Structures are given as C-alpha cells and as structure tokens.
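A short worksheet on the structure shown next.
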Amino acid sequence: MAYTVQRLADYSEAALESAAGECIRACEGEAAAVRDEADLKDFRNRWLGRKNGILTQINDQWLKDAPKEAKREAGIRVNELKARINELVEAKKVGGDESGASAAERVDISLPGLHRPIGAEHPVVKTTNELVRIFQKLGYSVAEGPVIETDYYNFEALNFPPNHPARDTQDTLFIAGQQVKPPRERLLLRTHTSPVQIRTMEKMPPPLRIVIPGTVHRNDPPDASHSPMFHQIEGLCVDTNITFGDLKGTLDHAMKEFFGSSVKTSFRPSFFPFTEPSAEMYVSCFICGGSGRRGSDPCRPCKQTGWIEILGCGMVDPNVFEFVKDSGYDPKRVSGFAFGMGADRIALLKYGVDDIQLFFQGDVRFLRQWA
Ligand SMILES: [Zn+2]
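Those letters in the sequence shown? Residues 5 to 375, by the numbering used here.
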C-alpha cells in the first residue's frame, strides 16, 4: 500500500525515529521504482509538491501538532527527513547533455573553487609553542602528563605539607566521591604542571632537561585576569652541579629570545614548597621600555614600576628528590632548577589583550586577528 502521512500520537524520541524511518523507507522504495521522466515527475510531485506533497503534509501534521516541549526535537527530525528526501529526488533527476552525465556530475571548470578557511594557531597555543621552541633549542625535550591527577603527584611528592593552603578546596577542584580512597590516591584537576616533573623523573634517570606545557585548573571565578582553566609552561633541569647561576642564565636567555634582546631580568626572593631557594622573575617592561610611562600616561601593564612579573622559579628542594631517589635522583648527588609560567598571562601581555576570557570564548572575530 502507498505511504500516507499519519498523525503522531506520541512525540517521544523513539516514536519520532520510527515514524521518520518508515517515511524514508517508503521514499527509497518509490525512488527505486522510477523508470522514466513521467515517473520522476509523479515521484517529485508526490513527495515535494507544494500544496499536498508528503513533506508539506509532514510539516502540517507533525510539526504544527507537536507539543511545545517536543517542537525542537520534531523540528530536527523533520529537517533531516527533508534533506534525505530531497537527496533521493535529486539523485533521480536525469541530466540532459550529450555525454549522458547528469547535471550533478557535470563539472563547470569556470566556477571558482570552494573556499575552505584554514585554521590558525590560537594566541595561547602560539605563545606556548614559541616558548617551547626556545627551550627545545637549549636541548630541552617536551614532557606531558594527565590533567586529572592524584593528590600524591599534585601535592605530596612536590613537598606540599598537608595543611598547605593550596590544598584547600578554595583553590583546588577535587573530583567528587573520592573520600573512600586513601588521601594520596584521591583525584583532582591538576593545579599546576609540576606533577609531570615527578612523573618524568620516575621514568628517566638524570641528567634531565624537560619543558612541560599543559592545561591546569583552579577554583578561580572567571574575570578579566582569572579563569578556572588556564595554561602553564614549566621547566626542569637536573644534573650534577646545577647552580642558581645556570637558572638565571637559562631564563635570562629565554626571555631575551622571546621578548627581544633589550629586556632585562630581575630575580626577587619568593616561596614555593618544591623549590629552595625560590624566586620570582621579572622582566623589564617591554611596553614602556622600563620607564613606567607611555608618553604622558602611566604604563598599566607594569603598574608604572617598569617591571613585569613573568614566572616563578627556584632550585629543586632536596625533599622533592627524596620522592624519586630510587630512580637515580640522590639529593646528595644531583641538583636542579625548575620554573613555571602562565602561557595565557604572557599571551595577554605580548598581544596587548586586556581580558583573559576573550581567549576562551571562541569568538572567531577575536581569534581571526591572529590568523
Ligand atoms: Zn611598562
């Protein structure tokens, strides 16, 4: 019996699927029976006819009758159906040129080609890649690790004492339902890329030089300078006789490569649980040249100080080496330095963007500027 459109009593997903399936099968069956131009004309009128074609009936009976909450789903289904039926009718159209090729198969070589836009590096990815390449030239290799980490790798092995504020839920996003596990096995979203230092040292004996790019998460409400998801680039160098002089020389070189040979670096004492001594490194403001002023205006990126804080660094705390002693990192024999910086923050500074949220909203108008 020929297919007729039935009203839908039920708008559940399963009912829609079955009704659409039945309709497509009927259309396929009738398409297969088309033999000549006259058949094709009938076939087209029956399915695509404006006044009483099957698609029009489906529009009238399925879509208009659909209860409010099912309208969206029914609309999607009907659109899929339309596309498929149009396809079936299109495929049956017989072309008229002498070669016998159908209209769809004919190639008009004078038509301009399809323009496929080529993607470009996101400004954060671009910044990360530039920095990683600088360290690769110095002999560093790239190491990566999981974004979902255990408490052990994220905190314990990095010498964070149990009551350290970074372990507080104010800063760390813990995975729910982990309370049954021993504390060191509980899962969290890594708050820094530093766990990869431990994971790499466990696998590779010294000497070691690695640079670690990656995504990290913290419970920071989003604003112009904070995002709960951001990116770090971290580095670790371990060998015998590595000194703070090596740290300064390496980072000073990297900053000159990245920001330009005229920038100066300055190291100021700081504290991190996994390095001792620790420092924050500043570079002279590459926007105002260190003067703190831009013409008669104050320089905002350096807060008029002429210096911009770029990264944290320090000599690896011997306590950290104790956790990987069995992999060849005897704190009496090896020493090393580590550093970490925020790729997003550096991208903000480098490209003069004033809101970190712009990086993650996926607005093509914004991103296209770096294409
Ligand atoms: Zn400045």
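From the three backbone atoms N, C-alpha and C, an ideal C-beta is built for every residue, glycine too. Keep in mind that this is a model prediction, so the values were computed, not measured.
- DSSP places Y286 within a strand segment (E or B) once states are collapsed to three.
- With fewer than 16 neighbouring CB atoms inside 10 Å of its own CB, T247 falls in the exposed class.
- With 16 or more other Cβ atoms inside 10 Å of its own Cβ, A342 counts as buried.
- Exclusion of C317 from the 7 Å shell around ligand 1 follows from its C-beta lying no nearer than that to any non-hydrogen atom of the ligand.
- One residue after another in chain order, those with a Cβ under 5 Å from a heavy atom of ligand 1 are C289, I291, C292, C303 and C306.
- Per the C-alpha coordinates, the member of N158, K268, K185 and M285 positioned closest to G293 is K268.
- The beta carbon of G53 lies closer than 8 Å to those of T60 in the same chain, with the five residues before and after it left out.
- When C-beta atoms of the stretch 208-216 are compared with those of the stretch 312-321, fewer than three pairs fall below 8 Å, so the two segments do not count as touching.
- Of the residues V242, Y15 and I179, the one whose Cα lies closest to the Cα of V151 is I179.
- By the neighbour-count criterion, in which 16 or more other beta carbons inside 10 Å mark a residue as buried, H235 falls on the buried side.
- Taking each of R188, Y333 and H196 in turn and checking the Cα distance to D243, the smallest one comes out for Y333.
- Just measuring C-alpha positions, the residue of P71, Y355, S339 and G143 sitting nearest S16 is P71.
- When DSSP states are grouped into helix, strand and coil, V93 belongs to the helix group.
- With a threshold of 16 other beta carbon atoms within 10 Å, R76 falls short and is exposed.
- Fully contained in the stretch 191-260 are the following alpha helix (DSSP H) runs of length 4 or more, in chain order: 199-207.
- Nearest C-alpha to Q65 among E41, L20, C303 and G264: L20.
- Pairing V146 with G249, the inter-Cα distance amounts to about 23 Å.
- In this structure, the alpha-carbon of C303 lies about 11 Å from that of I312.
- For T176, no alpha helix (DSSP H) encloses it, and the DSSP letter there is neither H nor E.
- Considering only I113, E148, D330 and L255, the residue with the shortest C-alpha distance to A283 is L255.
- Looking at the DSSP output, S270 bridges to Y286.
- Scanning its chain for C-beta atoms nearer than 7 Å, with the 5 sequence neighbours on each side dropped, one finds around S229 the residues I360, in chain order.
- In this structure, DSSP gives A342 an extended state, which the three-state scheme calls strand.
- When beta bridges are read from the DSSP output, L371 appears opposite no residue.
- With fewer than 16 other Cβ atoms inside 10 Å of its own Cβ, H119 counts as exposed.
- With a cut-off of 8 Å on Cβ pairs, the stretch 177-192 is not in contact with the stretch 127-138, counting fewer than three such pairs.
- In this structure, V82 sits away from R48, with a CB-CB distance that is not shorter than 8 Å.
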